[in-house]
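Chemist:
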Amino acid sequence: NLDKFKEASNVIVANRFEPSLEDVSNKVYSRDIFKRD
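Be aware that the sequence shown starts at 53, since it is given in the numbering used here, and climbs by one per residue.
#1: Considering only the alpha carbon of each residue, which of R88, D55, K56 and N67 lies closest to Y81?
#2: Excluding the 5 residues preceding and the 5 following V63 in the sequence, name in chain order all residues of the same chain whose CB lies nearer than 7 Å to its CB.
#3: For D55, report the span of its alpha helix (DSSP H) as first-last.
#4: For K58, which residues in the same chain have their Cβ closer than 6 Å to its Cβ, ignoring the five residues on either side in sequence?
#5: When you compare the CB positions of D84 and F69, do they come within less than 8 Å of one another, or not?
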């Protein structure tokens with residue numbers, strides 16, 4: 053479940069910044085600085 057994962061995680065590493073990560077953007081590390089591929 054993505055919600056449980058986001059709650060339990062301190063840091064999330066993602067290749068792409070997805071809209072589903074907006075609510076935890078402070079936890080997301082991505083090289084996708086323009087929020088597109």
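The C-beta atom is built at its ideal place from N, Cα and C for all residues, glycine as well.
Modeler: Concretely, from the data shown:
#1: Looking at the Cα atoms, N67 is the closest of the given residues.
#2: Excluding five sequence positions before and after V63, the CB atoms of its chain that fall closer than 7 Å to its own CB belong to K79 and Y81, given in chain order.
#3: Where D55 is concerned, the enclosing alpha helix (DSSP H) stretches over L54 to A60.
#4: V76, listed in sequence order.
#5: Yes, these two residues count as a Cβ contact at 8 Å.
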